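*Asks:* In UniProt numbering, the protein residues as written are 1 to 308. Don't be surprised by glycine CBs; every beta carbon is placed ideally from N, CA and C. Remember, it's a predicted structure, so these values are computed and weren't measured experimentally. What follows is a structure written as structure tokens; I'll ask about it next.
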Ligand SMILES: Nc1ncnc2c1ncn2[C@@H]1O[C@H](COP(=O)(O)OP(=O)(O)OP(=O)(O)O)[C@@H](O)[C@H]1O
Ligand SMILES: [Mg+2]
């Protein structure tokens, strides 16, 4: 079983408008509302892959209930810890060829809820083969909360996709995840210098002591594929040119693909191929966290994974 964790989920609302009138009424006919948050994107892709997946994290209020309902109707198992705060809305206004976003910061988690969640997580993690943790931490949780979660998941394979201080705390912590998947912007921020897609630059970055003890570091490079380090082996993943519709969440789709491959004990080649194939498939769709599996094989065979 794969356990996915979303600590700060949201209801993502998309308002498509031809033109956005500031300081006036804007009427929207075609509203799209979906259960969002990076971990839930990972969950949906895993569900499409046919993995046995359970989604967990924190949910509260009526929007929390709406997310549960949404997952249930998609046939996805879930076991979230209820919290006293209200799960958030995140609004994207698609207008004039642009995207204006209004993102609520979300609920503030109580100390008692944080410790109850660790107990809840322990129970679920014991039954899981791989755990995928994605996204930011909600307010109220300490920056090193992912370290506490990793301690609870100790002995299991954990894929962690987060950024900023939360990731830094993990990299400086004692218990390491099995895999992290920063994109190049997140990698540059971590090392506090601009990393280019040049092979020598990327390899030097991944040899930084900060990444010691992490089995897999996969740097996703958008249209340029990925550069990965597994133990002491480096891989360059080259992908074909595709027509991109919406690349938001492609990193989440990549995480889903690699997590499913890790669960099956797949080879390095398959882990990277499957991850990149799903990232590309997500980029080809307007909807985030959705892929057309019919196109899987054609892309999969066009990917090149080489030792570098
Ligand atoms: N423009 C693109 N063209 C082709 N493939 C893409 C493109 N963007 C993303 N991908 C595929 O998806 C993978 C992950 O994408 P990316 O590096 O953009 O992740 P990300 O920045 O973490 O995304 P997010 O956080 O929005 O999920 C890439 O390694 C690649 O395989
Ligand atoms: Mg990402």
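At the level of alpha carbons, what is the spacing between residue 18 and residue 28?
*Replies:* The residue you call residue 18 lines up with position 18 of the chain shown. The residue you call residue 28 lines up with position 28 of the chain shown. Using only the alpha carbons, I get a separation of about 10 Å.
*Asks:* Measuring from each Cβ to the nearest heavy atom of ligand 1, keep the ones under 6 Å and list them in chain order.
*Replies:* This criterion selects 183, 220, 221, 222, 223, 225, 226, 239, 242, 244, 247, 248, 249, 250, 251, 252, 254, 276, 279, 280, 283.
*Asks:* Indicate, with yes or no, if ligand 2 has a heavy atom lying under 8 Å from the CB of residue 161.
*Replies:* The residue you call residue 161 lines up with position 161 of the chain shown. Within the cutoff, so yes.
*Asks:* In terms of alpha-carbon separation, which member of 58, 265, 15 lies closest to residue 134?
*Replies:* What you label residue 134 is simply residue 134 of the chain shown in a count that begins at 1. With distances taken between Cα atoms, residue 134 lies closest to 58.
*Asks:* To the nearest angstrom, how far is it from the Cα of residue 26 to the Cα of residue 1?
*Replies:* Reading the chain shown from its first residue, position 26 is the one you call residue 26. Reading the chain shown from its first residue, position 1 is the one you call residue 1. Looking at the two C-alpha atoms, the distance is approximately 45 Å.
*Asks:* Would you mind sorting residue 213 into buried or exposed? The rule is 16 or more other CB atoms within 10 Å of its CB.
*Replies:* Within the chain shown, numbered from 1, the residue matching residue 213 stands at position 213. That one is exposed.
*Asks:* Would you grab the beta carbon distance between residue 3 and residue 124 for me? Rounded to a whole angstrom, and I think it's under 8 Å.
*Replies:* The residue you call residue 3 lines up with position 3 of the chain shown. The residue you call residue 124 lines up with position 124 of the chain shown. Yes, they are in contact, since the Cβ atoms of residue 3 and residue 124 sit about 5 Å apart, within 8 Å.
*Asks:* According to DSSP, residue 185 sits in a beta bridge with which residue or residues?
*Replies:* Mapped onto the chain shown, residue 185 falls at position 185. BP columns for residue 185 are empty, so no partner.
*Asks:* So what does DSSP say about residue 100, is it helix, strand or coil?
*Replies:* Along the chain shown, one-based indexing puts residue 100 at 100. Of the three classes helix, strand and coil, the one that applies to residue 100 here is strand, per DSSP.
*Asks:* According to the neighbour-count rule (16 or more other Cβ atoms, all chains shown, within 10 Å of its Cβ), is residue 304 buried or exposed?
*Replies:* Taking the first residue of the chain shown as 1, we reach residue 304 at position 304. That one is exposed.
*Asks:* Between the stretch 232 to 247 and the stretch 146 to 155, do three or more beta carbon pairs fall short of 8 Å?
*Replies:* No, the stretch 232 to 247 does not touch the stretch 146 to 155.
*Asks:* Can you say whether residue 157 is buried or exposed, counting buried as having 16 or more other CB atoms within 10 angstroms of its CB?
*Replies:* Translated into the one-based positions of the chain shown, residue 157 becomes position 157. Buried, since its Cβ has 16 or more Cβ neighbours within 10 Å.
*Asks:* Could you pull the start and end residues of the alpha helix (DSSP H) that residue 44 belongs to?
*Replies:* By one-based count along the chain shown, residue 44 stands at place 44. Where residue 44 is concerned, the enclosing alpha helix (DSSP H) stretches over 38 to 49.
*Asks:* Below 9 Å between beta carbons: does that hold for residue 226 and residue 282?
*Replies:* Along the chain shown, one-based indexing puts residue 226 at 226. Along the chain shown, one-based indexing puts residue 282 at 282. No, the pair does not count as a contact, with Cβ atoms beyond the cut-off.
*Asks:* Quick check: does the Cβ of residue 168 come within less than 8 Å of any heavy atom belonging to ligand 2?
*Replies:* One-based indexing of the chain shown puts residue 168 at position 168. No, the beta carbon of residue 168 sits no closer than 8 Å to any heavy atom of ligand 2.
*Asks:* Buried or exposed: where does residue 56 fall if 16 or more other Cβ atoms within 10 Å of its Cβ makes it buried?
*Replies:* Stepping through the chain shown from its first residue, residue 56 is reached at position 56. Answer is buried; the Cβ neighbour count reaches 16.
*Asks:* What would DSSP say about residue 22, mapped onto helix, strand or coil?
*Replies:* On the chain shown, position 22 is the one that residue 22 refers to. It is coil, neither helix nor strand.
*Asks:* For residue 35, does the count of other Cβ atoms within 10 angstroms reach 16, so buried, or fall short, so exposed?
*Replies:* Position 35 of the chain shown, counted from the start, is the residue given in the question as residue 35. Flag for residue 35 reads buried.
*Asks:* Report yes or no: do three or more beta-carbon pairs, one from the stretch 35 to 55 and one from the stretch 249 to 265, lie closer than 8 Å?
*Replies:* Touching, yes.
*Asks:* Taking buried to mean at least 16 other C-beta atoms within 10 Å of its own C-beta, is residue 208 buried or exposed?
*Replies:* By one-based count along the chain shown, residue 208 stands at place 208. Exposed is the call here.
*Asks:* Tell me the residue span of the alpha helix (DSSP H) that contains residue 152.
*Replies:* Within the chain shown, residue 152 is the residue found at index 152, counting from 1. Its alpha helix (DSSP H) spans residues 145 to 152.
*Asks:* Take the Cβ of residue 236 as the centre, count every other Cβ of all protein chains shown within 10 Å, and call the residue buried at 16 or more, exposed below.
*Replies:* Numbered from its first residue, the chain shown carries residue 236 at position 236. So residue 236 ends up on the buried side.
*Asks:* Less than 9 Å between the C-beta atoms of residue 263 and residue 130, yes or no?
*Replies:* Here residue 263 refers to the residue found at position 263 of the chain shown. Here residue 130 refers to the residue found at position 130 of the chain shown. Yes, the pair counts as a contact, with Cβ atoms nearer than the cut-off.
*Asks:* Report the option in 270, 161, 175, 266 whose CA atom is closest to the CA atom of residue 219.
*Replies:* Walking along the chain shown from the start, residue 219 turns up at place 219. Nearest C-alpha to residue 219: 161.
*Asks:* Go through its chain and collect everything with a Cβ distance to residue 90's Cβ below 8 Å, but skip five positions before and after it.
*Replies:* Indexing the chain shown from 1 puts residue 90 at position 90. Around residue 90: 10, 11, 12, 13, 36, 101, 102, 103, 104.
*Asks:* Which class does residue 243 belong to by DSSP, given the choice of helix, strand or coil?
*Replies:* To locate residue 243, count along the chain shown from 1; it is residue 243. In this structure, residue 243 counts as coil in the three-state DSSP scheme.
*Asks:* Report the three-state DSSP secondary structure of residue 32 (helix, strand or coil).
*Replies:* One-based indexing of the chain shown puts residue 32 at position 32. Note: residue 32 maps to strand in three-state DSSP.
*Asks:* Could you have a look at residue 274 and say whether DSSP puts it in helix, strand or coil?
*Replies:* Mapped onto the chain shown, residue 274 falls at position 274. Helix at residue 274.
*Asks:* Return helix, strand or coil for residue 299, following the three-state DSSP convention.
*Replies:* Translated into positions along the chain shown, residue 299 becomes position 299. Helix.
*Asks:* Quick check on DSSP: helix, strand or coil for residue 280?
*Replies:* By 1-based counting over the chain shown, the position of residue 280 is 280. Helix at residue 280.
*Asks:* How would you write the range of the beta strand (DSSP E) that residue 17 sits in, first residue to last?
*Replies:* The count along the chain shown starts at 1 and reaches residue 17 at position 17. It spans 10 to 17 - the beta strand (DSSP E) in which residue 17 sits, taken as one unbroken run.
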